[in-house]
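Visitor:
Numbering (my numbering), first residue to last: 391 to 976.
#1: Alpha carbon to alpha carbon, how far is residue 949 from residue 937?
#2: Taking the straight line between their C-alpha atoms, what separation do you get for residue 670 and residue 797?
#3: Check for me: the beta strand (DSSP E) holding residue 971 runs from which residue to which?
#4: Which residue from 583, 969 and 929 puts its Cα closest to that of residue 906?
#5: Looking at residue 910: is its Cβ nearer than 9 Å to the Cβ of residue 899?
#6: Three or more C-beta pairs closer than 8 Å, one from the region 646-657 and one from the region 672-690: is that the case here?
#7: Buried or exposed, going by whether 16 or more other CB atoms sit within 10 Å of the CB of residue 463?
#8: Along the chain, which unbroken stretches of the alpha helix (DSSP H) at least 4 residues long are found entirely within the region 769-809?
#9: My guess is that residue 582 and residue 565 are in contact by the Cβ rule of under 8 Å, so how many angstroms apart are they, rounded?
#10: Do residue 590 and residue 767 have their C-beta atoms within less than 9 Å of each other?
#11: Measure the beta-carbon distance from residue 584 to residue 667 and round it to whole angstroms, keeping in mind my assumption that it falls under 8 Å.
#12: Quick one: what's residue 611 bridged to in DSSP?
#13: Around the C-beta of residue 973, are 16 or more other C-beta atoms found within 10 angstroms, so that it is buried, or is it exposed?
#14: Could you compute how far the alpha carbon of residue 579 sits from the alpha carbon of residue 480?
#15: Between residue 570 and residue 504, what straight-line distance do the alpha-carbon atoms span, to the nearest angstrom?
#16: I'd like to confirm the pairing. Which residues does DSSP put opposite residue 490 in its beta bridges?
#17: Straight-line CA distance for residue 467 to residue 449?
#18: Just mark residue 710 as buried or exposed, buried being the case when its beta carbon has 16 or more other beta carbons within 10 Å.
#19: Return yes when the Cβ of residue 610 is within less than 9 Å of the Cβ of residue 643, no when it is not.
#20: Find the nearest neighbour of residue 793 within the set 437, 604 and 512, judged by alpha-carbon distance.
#21: Which of the three DSSP states, helix, strand or coil, is assigned to residue 659?
#22: Pairing CB atoms from the region 838-852 with CB atoms from the region 813-823, are three or more of them under 8 Å?
#23: I need the DSSP call for residue 634, collapsed to helix, strand or coil.
#24: Which runs of the alpha helix (DSSP H), 4 residues or longer, sit entirely within the region 540-591?
#25: Quick one, which of 852, 956 and 954 has its alpha-carbon nearest residue 745's?
#26: By Cβ distance, which residues of its chain are closer than 7 Å to residue 540, with the 5 residues on each side in sequence left out?
#27: Could you give the DSSP three-state label for residue 466: helix, strand or coil?
#28: Give me the residue from 700, 495, 654 and 765 with the minimum Cα distance to residue 592.
#29: Whole angstroms are fine: how far does the CA of residue 966 sit from the CA of residue 451?
#30: Taking the beta strand (DSSP E) that residue 527 falls in, what are its first and last residues?
#31: Please report how far the alpha carbon of residue 947 lies from the alpha carbon of residue 561, in whole angstroms.
#32: Using the C-alpha atoms, what's the distance from residue 549 back to residue 927?
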């Protein structure tokens, strides 16, 4: 088999179950076939794909020949429990079988082997080829029709749940929106109404994913195109092994860090506000990837922010305009924006941190990171959005939205695949498509069941824990709701010792934190930053000659000196101390 630069996983070929079961084969794609095709080709053909990971996927190809000379075809992914995926360009002769699967970008070409009485050929997808033999067999078993084991709670039940969540949290507001085939309803608690605005944070990534899928469907870009193909003059994107693709960016498999290491953090209350495209360009020029793209999941705000920049450049506009013209405008989501007016701010819920202290709303003036988390919205707009995904709000985007749910990569767990923009979770009641969001003073979660056609959005104006994901999943699946403790006591205000920027350089370096993490300390302008492996970089502040502390996340760092040089650092957090020896310097 040829070498290729991507990592297939068990669900790479999956497409989510259609919203209506048992679709008629008359609705499937049609094509002409040779009149001499023997009758034995009419039927059900079973085969098994073996992926590079050695995982296997059983598939069933169904061919039905009509008296009108038309062959109709569909495909089932048995291990994925996905049925009736339409085939196109079906061609059958006495010696060959070929077809395409448009929804997942695949093609099959096989030749008839008279001795083994099967088609032997090649499945092509994503630039790779896999051997696949199809053997005639009876129709494979289909799952019995399921009955809902869980019904959506009533408004009163949802209200009781929210009352318990905010009982010990004065000032906290939570809004829940529910949409299903019976209609939509919005339940509010605390200082909020149905049209109260909230920052939705990383749910913005699903809008960026929808723009990507839409531009692919229009032929404006290719999902597997190298991202560097669309960078403007003066921009570069390092390559290790193979180029980072647009698909890598949306599935968080690019290898890019969670956030760029050169964020100025001029205002810790607005961490992304002053990050500009010029800073992003400078960072990407010097960034050195530590692995090939496509082989490992690592959540990256930077990766999706770069994707949003690329899509806007390709469309010849800015990100917010692109979202408005292609998504929020057609779906009548007037309250879903980045920029806000004075009237918007009067309708926006007051944000609070994890201690229930008031904080400021986030701004995105620099513009570089907006596609990763810059949208704000209200419950009614979000129900329009979810309703479109589940077919309850009419939109020409529906086929594109369906394609977003195709699982194309592993996520951060065995039951969490990654589609285009969305996380696709396997739950006891079936597939749930979901994404959460968090900013400095807001939490949000949007989720929907594509089979039962139910959608839920939960919006809150505080970073208190537990968040809101457990509420959304409970409403859709009946999973438990977490207990709600009162918010923790805010840490005491600590004085900051001013150090000249040059004096900070002696602390810069990498420190090994057992068992398998690295603390990276670096300088950004006139402040020192710290980043743990796989986590967001945050500023640290001096409280003494060798002592620093964090404000965004409470912790202490005590550097240790040997022979006038920094040799190690002790991380103190949650009443625990860990020593991390220095392993490299710039």
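We treat Cβ as the ideally placed atom computed from N, Cα and C, and that holds for glycine.
Computed from a prediction, not measured in an experiment: that's the story for all the values here.
Guide: With the given structure in hand:
#1: 6 Å
#2: 29 Å
#3: 966-974
#4: 969
#5: yes
#6: yes
#7: buried
#8: 769-779 and 788-794
#9: 5 Å
#10: yes
#11: The Cβ separation is near 36 Å, so there is no contact.
#12: In DSSP, residue 611 forms no bridge with anything.
#13: exposed
#14: 55 Å
#15: 52 Å
#16: 478 and 497
#17: 5 Å
#18: buried
#19: no
#20: 604
#21: coil
#22: yes
#23: coil
#24: 545-556
#25: 852
#26: 819, 867 and 868
#27: strand
#28: 765
#29: 58 Å
#30: 518-527
#31: 33 Å
#32: 38 Å
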